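If you use mature numbering (1 follows the signal peptide of the UniProt record, and there is no 0), the sequence shown corresponds to residues -27 to -1, 1 to 323, in order. Here is the structure we will look at.
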Amino acid sequence: MVYIKIIFSTSILLSYLFLFNSFSVHAQDFQKGINVDIARKDYSLKSLKKIVDTIHENNGDYLQLHFSDNENYAIESQFFKHENIASQNYLSQQELKNLIHYSNKLNIMVVPEFDLPSHSKAWLLLLKNENSNLHENIVSDYSDETIDFFSNQKALEISKRQIKEILNLFHQPNFQKEQRIVLGGDEVPGGKSYQNDFINFMNEIGEYAYQNGYEPQIWNDSITKNGLKLLKNYFSVIFWKQSNNENNEPGITVEDFLDYNFKVYNYNFYSLYFLPSKNYSPTDIEEQTSYISWAYNHNSFYYLKNPYYEVDSLNIQGSALSFWGEHATGMREEEVLNQELPLIRTYLNK
């Protein structure tokens, strides 16, 4: 994804305050979480536990781990060694189990995010180290960061094999019938042009997760109106921003997903995105905290003409504040946490 960090002035703040004064519908079991990009920025177990502590202390519900992207596959896997990719850092399976156990004791669920079919360059390269022929059989012929989603049975088989390992690693009996797994679906090269193939691929892996006790989730931006008709309802939708469709016209909306009875989670591209960076001063963080305190609303979604478009529905099931790591690679973990933790507190207490 292309990610941004927003800092707004007081004058802009005042111009939008009127948006948040009206009554809105709120799902009784609405969940608030934190999404952490550990693929681009490595976090120690100790640092992740500090984030979990902050989620717990401020009545949050879940930690989402974005561990797979083009730069890294940041958890240990039985299917490949971590060699010859941009980042050598990852959580061992024992560390991951430790984190999950610690989180669950605090009633915090841990949600895995395994991005498919795109944003897959790292794990495909790791697989190539083990079996170059297998890699050649399943990688897209037009994008080395994308697994071939065109009715490629071997690609489906290997995707499900990886998903099975993840489902087993993240199994949390405390959250039986509540667990979710994010399976990607964002920024897929060719996805909009070949919507049937893309949606069929997502339905296949989504059904596999669903049959194994997880609710699969998909990012919204590569789905068109035609694809929406094909997408299975065992998915819930992570809506980060309205995108243009294949004709460069405004794409589908939250209301479109709700009309098809999908549950929706709000990951607003403006108010719920932040990229830690050495360039930010304590004053910048204070301004970002102020921005979140007025800009975030559980039902304010990023639309092309309005980044705070309100949609009322009981099918809006949750939201998450995301921290993306591509600008944080040179930062010490303490520096990263000093920027993230105040924002987490503000968001969870809004």
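Backbone N, C-alpha and C fix where the C-beta goes; we use that ideal spot for every residue, glycine too. All of these numbers come straight from a predicted model, not from anything done at the bench.
Asked, Found
"Opening and closing residue of the beta strand (DSSP E) in which D88 lies", "82 to 89"
"Spatial neighbours of T319 in its chain, beta-carbon cut-off 7 Å, leaving aside the 5 residues before and after", "T262, I265, S266"
"Nearest residue (CA-CA) to P249, options R134, I73, E306, K236", "E306"
"Coarse secondary structure for L203, derived from DSSP in three states", "coil"
"S(-6) versus F247: straight-line alpha-carbon distance, rounded", "Because the pLDDT of S(-6) is 44, which lies under 50, any placement of that residue in the model is unreliable, and the number read from its coordinates should be weighed accordingly. Approximately 27 Å between the Cα atoms of the pair."
"Where Q190 sits in the DSSP three-state scheme", "strand"
"Below-8 Å beta-carbon distance, L69 vs any chain D residue", "Included in the structure is just one protein chain, with no chain D present."
"Other residues of its chain near Y233: CB distance less than 7 Å, five sequence neighbours each side excluded", "L201"
"Cβ-based burial, Y275 [other Cβ within 10 Å; buried from 16]", "buried"
"Residue span of the beta strand (DSSP E) that contains residue 397, given as start and end", "Residue 397 is absent from the model: the chain starts at -27 and stops at 323."
"C-alpha distance - V84 paired with L36, whole-angstrom precision", "6 Å"
"Option nearest N252 by Cα separation, candidates A12, V309, D285", "V309"
"Residue burial classification, Q67 (beta-carbon count within 10 angstroms, cutoff 16)", "exposed"
"Presumed contact (8 Å Cβ cut-off) between V161 and F171, rounded CB distance", "6 Å"
"Burial state of S166 (16 or more Cβ within 10 Å)", "exposed"
"Beta-carbon spacing of T256, G224 below 8 Å", "no"
"Of the residues L316, L18, I11, F143, the one placed nearest N43, counting alpha carbons only", "I11"
"Test item: CB-CB of G291 and Q61 under 8 Å", "no"
"Stretch-stretch touch, CB-based, cutoff 8 Å, three pairs: the stretch 106 to 118 with the stretch 202 to 218", "no"
"Assigned secondary structure, T(-18) (DSSP; H/G/I helix, E/B strand, else coil)", "Confidence at T(-18) is low in this model, with a pLDDT of 42, below 50, so its placement is unreliable and no value can be given for it."
"Distance, S20 Cα to N45 Cα", "19 Å"
"Contact under 8 Å by Cβ, V25 with F296", "no"
"Runs of alpha helix (DSSP H) lying entirely within the stretch 280 to 306, each at least 4 residues, in chain order", "none"
"Beta-carbon separation (whole angstroms), Y282 vs A268, contact threshold 8 Å", "That pair is no contact at about 12 Å."
"Range of the contiguous alpha helix (DSSP H) that encloses F230", "227 to 232"
"Cβ-Cβ separation, N31 to N77 (assumed contact under 8 Å), whole Å", "18 Å between Cβ atoms; not a contact."
"Straight-line gap, Y75 to K22 (C-alpha atoms, nearest Å)", "8 Å"
"For L203, the nearest candidate out of G186, N221, G179 (CA to CA)", "G179"
"Between the CA atoms of S91 and Y181 - distance to the nearest angstrom", "18 Å"
"I317 beta carbon less than 8 Å from that of L294", "yes"
"Candidates H271, D121, H144, K133: closest to G163 by CA position", "D121"
"Three-state class that DSSP yields for N322 in the structure shown", "coil"
"Residues sharing a beta bridge with Y35, DSSP", "G6, M82"
"Three-state secondary structure (DSSP) of P249", "coil"
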